[in-house]
Amino acid sequence: MTTSMINYRLTWTDTSGRPRTAASRYDRPSGETRKEQLEADGCTKVTLRPVKPGE
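In the numbering used here, each number is its position in the sequence shown, counted from 1, plus 846.
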């Protein structure tokens, strides 16, 4: 049995209205934590989406 790791990437709009994409990938719990931090900093449209290997 194999276990596959699912990576996630964050996208958001910063406080100046500029769209951003995280350069790093996260596991689900770390991504959720970072999402909460971005929202607390006033960023909008924060989404955590799964990414395929090599994407």
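Think of the CB as a built atom: it goes at the ideal place given N, C-alpha and C, for glycine as much as any other residue.
Quiz prompt | Enclosing alpha helix (DSSP H) for residue 879 [first to last residue] | solution = Per DSSP, residue 879 is one residue of the alpha helix (DSSP H) stretching across 874 to 886.
Quiz item: Can the beta-carbon of residue 867 be found less than 9 Å from the beta-carbon of residue 857?
Solution: Yes, these two residues count as a Cβ contact at 9 Å.
Quiz item: For residue 877, does the count of other Cβ atoms within 10 angstroms reach 16, so buried, or fall short, so exposed?
Solution: Looking at its Cβ environment, which holds 16 or more other Cβ atoms inside 10 Å, residue 877 is buried.
Quiz item: Who are the Cβ neighbours of residue 881 in its own chain at under 7 Å, not counting the five residues just before and after it?
Solution: Answer for residue 881: 856, 892, 894, listed in chain order.
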